[in-house]
Structures are given as structure tokens and as C-alpha cells.
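K.L.:
Just remember that the numbering used here sits 145 ahead of the position in the sequence shown, which is counted from 1. Glycine is no exception: its CB is placed at the ideal position from the N, C-alpha and C atoms. Next up is a structure, given as C-alpha cells.
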Amino acid sequence: MLEQLHEMVAQFARPGLGWGVARVGETAPLAEVERQAMARAIPARVAEFTAGRIAARRALAVLGHPAAPIPMQADRVPLWPKGFMGSISHAAGLAVAVVCALPARVGVDLEEDGPLDDALQPEILTPVEYGQDLRRVFSAKEAVFKAEYPAHRVMHGFHGLVVDLTKGSAQYTDHPEVATLRPDSLESRPETLPVQQLSRGGLILSLSWRRC
Numbered sequence: 146m147l148e149q150l151h152e153m154v155a156q157f158a159r160p161g162l163g164w165g166v167a168r169v170g171e172t173a174p175l176a177e178v179e180r181q182a183m184a185r186a187i188p189a190r191v192a193e194f195t196a197g198r199i200a201a202r203r204a205l206a207v208l209g210h211p212a213a214p215i216p217m218q219a220d221r222v223p224l225w226p227k228g229f230m231g232s233i234s235h236a237a238g239l240a241v242a243v244v245c246a247l248p249a250r251v252g253v254d255l256e257e258d259g260p261l262d263d264a265l266q267p268e269i270l271t272p273v274e275y276g277q278d279l280r281r282v283f284s285a286k287e288a289v290f291k292a293e294y295p296a297h298r299v300m301h302g303f304h305g306l307v308v309d310l311t312k313g314s315a316q317y318t319d320h321p322e323v324a325t326l327r328p329d330s331l332e333s334r335p336e337t338l339p340v341q342q343l344s345r346g347g348l349i350l351s352l353s354w355r356r357c
């Protein structure tokens, strides 16, 4: 699966984006602030976290930034070096990270490609999304949320977004949780949010990236 992930990352290569990939189980020194964040975590979580930070530092290096600590904030969102924003995801024993220079938004989600329990449809899908693949909609919404959340810090559920995978776009809905994020409520919020998706070798990779 590592080879397939590298292939998808290469396909998503864009000027201004830095990508990094790592295997869960790779080792590298963590910064003190990163070690503190994992002080009470089980070994499996520490390994996953470490792989994510390795991937993140590789992504930053692509953009010419030296290795730097990436603390975890209280809401678990990575705190990126000044002037940068990024996103990290883990699945199938792999970690992937994408980074861009501000002002921009970027989010990534990595999933194993397989069916989700149909019982989750009402939780994840809005009425107009039925008929789309549940796992793929889930992944797309995760990527968009991770791209936008650091700017507004508004937690919301899956019904706060509606995704059209054929158009590669998402929109905020009229759900009360996202009332302050709709274009009519916040002029700087775009009507549509980009989301692209690839699948290969049993993996799904979703990317949401836009310049501000």
C-alpha cells in the first residue's frame, strides 16, 4: 500500500503543496512538547503519532522549512510553524501529511477502501447524498473539515457539509451547527469548498485545498 500512496501523492502534487509519507513503526526523535502530548498514550497511538510527525516534517522539508516541533493543541489540531498550515492522516499502517504556506487552507484524509456499515448512513449522509459511496463521502467530509476547522474552530457533525464527488466540491448546509459558516453569514466564506479524491491499492486519499 505504501507504493500506491506514493503514487496518489504524486498525482496530487501541486505548486505550493508539500507532501510527506511515513510508515507507522518508523522511528525518529520527537520534540519534548510532542513527547509530552503522548505521555499517557498507549504504544500503538505513540507509533501512529510519531509516523504522522515524521510525515509532517518531510512535507515541510519539501517547502524548504527545517525540521521543527509540531505540538498538539488542546483540540488535537497540530500547531504548525509560523506561516504554514498542514494536515495529517493515518490509515492502514501509513501516515500522510500535506503542508502549504499561508494564506491557504488544506486538509487530507486517508482511509482504507472498504464498505462502512450501512447503519452509519443517517449519521454521515444528508438526503441528497444517498447513492454516493458512504466511505468516500465520509473521507471527503473529513478532508474538508480538517482544512476549514483551524480557521473558524467551529465543531460540527457530518450534516454540516454536503459533498458532490462528481463535481469535486462541498458546501455548508443549513444545519444549525454551521449557521455562522454559511456564505450569507460570513462573507469571506466561499459558497463551494474544493475536495478531490483518489483511490488505489485499497486506499482512498481525499484532499481539500484552496488559497485564501
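Round the Cβ separation of Arg202 and Ala212 to the nearest angstrom and send it over; I've been treating them as touching at under 8 Å.
P.N.:
Along the sequence shown, read from residue 1 onward, the residue named residue 202 stands at position 57. Along the sequence shown, read from residue 1 onward, the residue named residue 212 stands at position 67. Going by Cβ atoms, the distance from Arg202 to Ala212 rounds to 5 Å, so yes, they are a contact pair.
K.L.:
Applying the 10 Å Cβ sphere with the 16-neighbour rule, what's the burial state of Gln158?
P.N.:
Residue numbering aside, residue 158 sits at position 13 when the sequence shown is read from its first letter. The sequence as given places Ala at residue 158; Gln does not occur at that position. With fewer than 16 Cβ atoms within 10 Å of its Cβ, Ala158 is classed as exposed.
K.L.:
If Arg286 sits next to Leu306, beta carbons under 8 Å apart, how far is it from one beta carbon to the other, in whole angstroms?
P.N.:
As a position in the sequence shown, residue 286 is number 141, starting the count at 1. As a position in the sequence shown, residue 306 is number 161, starting the count at 1. Looking at the sequence provided, one finds Lys at residue 286 rather than Arg. Confirmed, Cβ separation roughly 5 Å.
K.L.:
Please determine, among Leu255, Val244, Arg190, the residue with the shortest C-alpha to C-alpha distance to Ala147.
P.N.:
Translated into positions along the sequence shown, residue 147 becomes position 2. It is worth fixing the name first, because residue 147 is Leu in this sequence and not Ala. Of the listed residues, the one whose Cα sits closest to Leu147 is Leu255.
K.L.:
Taking C-alpha atoms, which residue in Arg180, Ser234, Ala184, Gln181 lies nearest to Ala204?
P.N.:
For the purposes of this step, residue 204 is taken as residue 59 along the sequence shown, with counting starting at 1. Here the closest residue by C-alpha is Ser234.
K.L.:
Could you tell me which uninterrupted beta strand (DSSP E) segments, each at least 3 residues in length, are contained entirely in the segment 299-351, listed from first to last along the chain?
P.N.:
List check, beta strand (DSSP E) in window: 306-309, 314-317, 341-345.
K.L.:
Do you know how far the Cα of Leu279 is from the Cα of Gly313?
P.N.:
Taking the first residue of the sequence shown as position 1, residue 313 is located at position 168. Taking the first residue of the sequence shown as position 1, residue 279 is located at position 134. Gly313 and Leu279: Cα-Cα distance of roughly 15 Å.
K.L.:
In whole angstroms, what is the alpha-carbon distance linking His301 and Gly346?
P.N.:
The sequence position of residue 301 within the sequence shown is 156, counting from 1. The sequence position of residue 346 within the sequence shown is 201, counting from 1. If I take the Cα positions, the gap works out to 31 Å.
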